[in-house]
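The sequence shown: position 23 = 23 (UniProt numbering), numbered continuously. Here the structure is laid out as structure tokens; the discussion comes afterwards.
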Amino acid sequence: MDIQRLNAVLSLGSGARGATREEAPSGPSFGDVLANAIRKVEQEQQTANEMAVKLAAGEVEDIAQVMIASERASLTLNLAIQVRNKVIEAYQEIMRMPM
């Protein structure tokens, strides 16, 4: 999963919002929520990588902290993958609907 490509696609999509809408949405857009979630996954991955490097360098005394960071990164990535799969399934289901 290439986070940079996903961020680029999301930034393109945010500029293509319809100007013909009469009413502005009251909350954040789906694209904004998705972009924030992807940034969170990327942050967790970076944190886990930094903790692993510090552990290898002997700078971390508590290995539990490193394991927690690693598990959090793994869980957020798996959640993002599952959400992506559900979105793709929903899109495919919509595309199969007769008009």
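Just so you know, even glycine gets a beta-carbon here, dropped at the ideal spot from N, CA and C.
Cα-Cα, which of Met97, Arg84, Tyr91, Ala90 is closest to Ala37?
Arg84
Taking 8 Å as the threshold (C-beta atoms), are Ala69 and Ala48 in contact?
yes
Taking just the CA atoms, how far does Glu59 sit from Val53?
9 Å
Taking C-beta to C-beta, are Ala73 and Glu44 nearer than 8 Å?
yes
Could you check if Leu75 is buried or exposed, using at least 16 other CB atoms within 10 Å of its CB as the buried criterion?
exposed
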